[in-house]
Structures are given as C-alpha cells and as structure tokens.
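Under our numbering, read the sequence shown as residues 1181 to 1425, first letter to last.
All C-beta atoms, glycine included, are put in the ideal place defined by N, C-alpha and C.
If you're wondering where the values come from, they're calculated on a predicted model, not measured in any experiment.
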Amino acid sequence: MRAIRAYLEETERRSPFRIQELAEVWFGSTLDEDDVAEIGDALSRERQVFRPDLRRPYLYGFREKDADGVAGGKMEMNRGRDRITQILPEEAGLIRCSAHVAEGVYELAVHFPARFREAYKDLLHVLEQETGWSVRVRETPHQGRLFEEAYRVLPEGISARKAPALRLEAGEVSVSVDLTPEVRPNFEALASRASEDFESVTGFRLVLVDAASGHDARPASAPSGAMEINRAYLLIRERFANLPH
C-alpha cells in the first residue's frame, strides 16, 4: 500500500479513491475481481497508509502524515530524496538520487561506488531508518571522474598517449603512456605508487602500459572492492552458464 500511495503522490493524483482505482495502480487495467479483493484486504490490514472516508466508506483517502512527512513509517518521496541529497557531503560524489516507487527504493548514482559504500555505510543505514525507504548504490562508476583521477595520479615524466580505457569486469583502468628516459628505470615503482593512490580514491586499479614496449606495470595488490564485486558476477555466470533456463 505504501508503494501505491507513493505512486499516486508522485503522479499528483487526488483522493478519494475507489478500491478498483487503487487496484489498477498495482495490477494494471487488466485486473480481475480477485485483484480488487486483494487490495481490499490490504486496505483493511494496513490502515496506516489509507483511511476510509467517514461518509462514503467505499472510498479511501490518504492518511495524515506526521511532522516529518512520514505515512506509515515511510517518508514522502520528494522529502526523503531531499533529505538524502542534503545530508551527503559534496565529496561523496553523488550524481543522482532516483526513486523506484514500486520497490520502495532510492538508487544512488555516485562517482566511485566501492569507496562510497565503505565511507558512508553507517550513514546509509541511518537514512534507511529515517526515511523508511531502502537505499542502494548503482554499481557503475562515473567514467569521466575515473579518467580524471587516472590523469591526476600520473607521475612526473609519465604522460598519457591515449585516453584511458575502463575494464569494468576486471575493476581496472588502463592507460597507454610515454616515458621520459629519466623515469624509465623506475617505471614499475612509480606505476605501483600511482595505482595505490588511484585505488584509494576510486576502488579501481590503474594499469599503466609503456606505449614504446607494450609492457604493462600491473600492480600485484589485493583485489579492490570493485574487483571483488565484478569477479563475483563472473563466477555466478560461469556456474549457471550450462544449466537449463
């Protein structure tokens, strides 16, 4: 019932509503008598979201919200979204907060998902408790910000020959680079430090490739959060690839 109410508020529908109207929101226009009966039962059980009209009990209106904009323990959609966008600091890298009304979920698009989860895990839990909505983080990083960080960490004497390439499943960003004669003997060490700096900010590894020789200075570090997530996806796909669908 909360999802139905959120949709009606999002589309600015005005109460009161017949049970059939509420059922159409959930089941669509092809609903049958059983669908209408199911919504009627839900209205009887979940009285904290809708209330029957005193004079016309076959009609239902929105139950009054409390001072925080919460109806039945769930904050009004726009108020909850505003709360999330206001409380997260600028350095969190929030790009967009989307509301998935039917799921009761706010989805956050951020610059660097793995690092965002680590830094704001406790705050996200507080926001879920406060708004009554679930909060999830979109897995895809912001490619432009990834590449900006890749350029930023390049040591002096190492310059990008081509634009960086994102390898999402490997949790890596690869850059083909030119080296000055002075830095060539220390390429491995410089590349390793650059990758550590990059990973600490983004959660992705940075692989520098010597454009002249084709040699890549691949850091032998532990898998980052992004890599662990993507390897899990690959493992799931491999396990179920040969199973009947």
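(1) Using a Cβ-Cβ cut-off of 7 Å (strictly less than) and excluding sequence neighbours within five positions of Glu1287, which residues of its own chain qualify?
(2) Taking only three categories from DSSP, how would you classify Lys1254?
(3) Using C-beta distances below 7 Å, list every residue in its chain close to Phe1367, excluding the 5 sequence neighbours before and after it, in chain order.
(4) Could you spell out where the beta strand (DSSP E) holding Phe1384 opens and where it closes?
(5) Quick one: what does DSSP say Gly1428 is sitting in, helix, strand or coil?
(6) Which of the three DSSP states is assigned to Ser1314 in this structure?
(7) Assign Glu1270 to buried or exposed, taking buried as 16 or more other Cβ atoms, counted over all protein chains shown, within 10 Å of its Cβ.
(8) Could you please give the first and the last residue of the uninterrupted alpha helix (DSSP H) stretch that includes Ala1183?
(9) Under 8 Å between the Cβ atoms of Phe1378 and Glu1336?
(10) Alpha carbon to alpha carbon, how far is Arg1182 from Pro1293?
(11) Please state whether DSSP places Pro1293 in a helix, a strand or coil.
(12) What residues in its chain sit with their C-beta under 6 Å from that of Ile1409, if we drop five residues either side in the sequence?
(13) Between Phe1207 and Tyr1240, which are expected to be in contact by the criterion C-beta below 8 Å, what is the C-beta distance as a whole number of angstroms?
(14) Measuring alpha carbon to alpha carbon, tell me which residue in Arg1225, Val1363, Asp1215, Ala1374 is nearest Val1353.
(15) Can you tell me which of His1395, Glu1349, Lys1342, Arg1236 puts its alpha carbon nearest to the alpha carbon of Pro1365?
(16) Compare the C-alpha of Val1285 against each of Asp1221, Tyr1187, Ile1199 and name the closest.
(17) Since Leu1307 and Ile1275 are thought to touch, with beta carbons under 8 Å apart, how far apart are those beta carbons, to the nearest angstrom?
Reading it off the structure:
(1) The residue you call residue 1287 lines up with position 107 of the sequence shown. Answer for Glu1287: Ser1278, His1280, Arg1316, Arg1318, listed in chain order.
(2) Numbered from 1 along the sequence shown, position 74 holds the residue referred to as residue 1254. Strand at Lys1254.
(3) In the sequence shown, residue 1367 corresponds to position 187, counting from 1. Here the set comprises Leu1359, Asp1390, Ala1397.
(4) Taking the sequence shown and counting its residues from 1, the one referred to as residue 1384 is at position 204. First-last for Phe1384: undefined, no H or E at that position.
(5) The requested residue 1428 is not part of the displayed model; the chain covers only 1181 to 1425.
(6) Along the sequence shown, read from residue 1 onward, the residue named residue 1314 stands at position 134. Ser1314: strand per DSSP, three-state reduction.
(7) If you number the sequence shown from 1, residue 1270 lands on position 90. By the neighbour-count rule (16 or more Cβ atoms within 10 Å), Glu1270 is not buried but exposed.
(8) If you number the sequence shown from 1, residue 1183 lands on position 3. From DSSP, the alpha helix (DSSP H) with Ala1183 extends over 1182–1190.
(9) Indexing the sequence shown from 1 puts residue 1378 at position 198. Indexing the sequence shown from 1 puts residue 1336 at position 156. Not in contact: Phe1378 and Glu1336 (Cβ atoms no closer than 8 Å).
(10) Residue mapping note: residue 1182 aligns to position 2 of the sequence shown, counting from 1. Residue mapping note: residue 1293 aligns to position 113 of the sequence shown, counting from 1. Taking the straight line from one Cα to the other gives about 28 Å.
(11) Numbered from its first residue, the sequence shown carries residue 1293 at position 113. Three-state DSSP puts Pro1293 in a helix.
(12) Position 229 of the sequence shown, counting from 1, holds the residue named residue 1409. At Ile1409, the pLDDT of 47 sits below 50, so the modelled position is not reliable and the matter cannot be decided from this model.
(13) Position 27 of the sequence shown, counted from the first residue, corresponds to residue 1207. Position 60 of the sequence shown, counted from the first residue, corresponds to residue 1240. Contact flag wrong, Cβ pair sits at about 16 Å.
(14) The residue labelled residue 1353 in the question sits at position 173 within the sequence shown. It is Ala1374 whose Cα lies nearest to the Cα of Val1353.
(15) The sequence position of residue 1365 within the sequence shown is 185, counting from 1. The option with the nearest alpha carbon to Pro1365 is His1395.
(16) For this step, residue 1285 is matched to residue 105 along the sequence shown. The shortest C-alpha separation from Val1285 is found at Tyr1187.
(17) For the purposes of this step, residue 1307 is identified with residue 127 of the sequence shown, where counting begins at 1. For the purposes of this step, residue 1275 is identified with residue 95 of the sequence shown, where counting begins at 1. Incorrect: roughly 17 Å between the Cβ atoms, too far for contact.
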